[in-house]
Amino acid sequence: MLVWVPPQRFLRGAHLSREGRLSGLFGDPRVRSDHPPHEVSLTRGYFIGKTPVTWKQYRLFCKKTGRTPPRRVDLRTAEVTDRHPAVNVSWEDAVAYCRWAGLRLPSEAEWELAARGSDGRPFPWGDAPASPRRLNCAEHPTFGDRSTSPVGSFPLGASPFGCLDMAGNVWEWVQDRYGDYGRRPLENPRGPRRGDERVLRGGSWRSPPSECQVTRRCALAPEKRKNVVGFRVARSG
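Each position in the sequence shown, counted from 1, maps to that position plus 507 in this note's numbering.
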């Protein structure tokens with residue numbers, strides 16, 4: 508199921524917090540490369556998946572195309588069901604799925620607008636702190652640091668456009684290569700033309716709540732597969 512996101516201006520990125528400065532000094536700076544905040548304009552509306560692509564959907568793609576499906580068993584828990592998000596999927600796999608389905612990956616800007624709307628909120632649901640009723644992250648009493656959760660399990664965590672699972676559950680591939688915000692155009696921005704990694708957004712079931720904020724970014728080589736990484740689809744309007 509796809510939801511419509513109309514064209515509009517919105518605030519992208521976040522102020523560099525003390526936590527972010529320490530991450531840059533002592534950890535991986537890519538995990539907090541979401542500053543400075545700046546206004547972006549998307550001049551064309553688009554559709555985006557209400558949830559990440561599920562195992563059921565991805566398995567059908569593998570069956571129709573002759574691909575070998577990735578492992579469905581997480582190292583920490585039992586086999587997941589068809590309603591869980593597909594993981595262990597590379598960026599290249601995600602692009603192949605989208606082409607097969609007549610869709611595409613969202614741009615990074617499209618993903619963030621769909622997740623937060625135009626009011627600059629830190630989480631899809633607003634300013635309220637992260638809680639087990641809103642997302643699956645490392646602190647969730649049932650799923651946290653153990654496994655993904657079935658998509659759509661947290662309706663209280665919906666974004667302004669009705670998108671679900673945009674905080675936690677799985678990091679999501681987007682179209683863009685990874686790079687700083689500093690040199691991007693402010694109208695319909697795309698990632699840099701060159702680069703070895705693609706952007707991930709949203710945090711995962713192994714992430715602390717702070718990494719599940721809508722501005723947080725990470726990056727991974729496009730051929731890599733992780734049990735915390737999935738994707739959702741998009742379509743131009």
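No residue lacks a Cβ here, since even glycine has one placed at the ideal position from N, Cα and C.
N- and C-terminal bounds of the alpha helix (DSSP H) containing residue i
i    : result
F568 : 562 to 572
W766 : Residue 766 lies beyond the residue range present for the chain, which begins at 508 and ends at 744; the question has no answer from this structure.
Under 9 angstroms between C-beta atoms of residue i and residue j
i    : j    : result
S666 : L518 : no
A674 : I555 : no
N676 : P613 : no
P716 : A645 : yes
G573 : P543 : no
E619 : V721 : yes
R708 : A608 : no
Y565 : Y604 : yes
P657 : T550 : no
D687 : R705 : no
K563 : R606 : no
G669 : K570 : no
S548 : P513 : no
W598 : P729 : yes
A616 : P699 : no
C719 : A637 : yes
S714 : V735 : yes
Beta-ladder partner(s) of residue i, from DSSP
i    : result
Q720 : Per DSSP, none; premise fails for Q720.
G633 : F630
F686 : In the sequence as presented, Phe is not what sits at residue 686; that position holds Gly. DSSP lists no partner for G686.
E707 : In the sequence on display, residue 707 carries Leu and not Glu. Answer by DSSP bridge pairing, in chain order: W680, C725.
R611 : A741
R516 : S548
Start-to-end residues for the beta strand (DSSP E) that takes in residue i
i    : result
D672 : That residue, D672, is in no beta strand (DSSP E); it is neither H nor E in DSSP.
S548 : 545 to 549
V736 : 736 to 738
For residue i, the three-state DSSP class (helix, strand or coil)
i    : result
V594 : coil
W511 : strand
N694 : It is Glu, not Asn, that sits at residue 694 in the sequence shown. Of the three classes helix, strand and coil, the one that applies to E694 here is strand, per DSSP.
Y604 : helix
E599 : helix
G664 : helix
S743 : strand
G556 : strand
L642 : coil
Nearest-angstrom Cβ-Cβ length linking residue i and residue j, presumed shorter than 8 angstroms
i    : j    : result
R732 : N595 : 5 angstroms
R628 : L663 : The pair is not a contact, with the Cβ atoms about 14 angstroms apart (cut-off 8 angstroms).
E679 : F738 : 5 angstroms
G702 : Y685 : 6 angstroms
S654 : W712 : 6 angstroms
L727 : E546 : Not confirmed; about 28 angstroms, so no contact.
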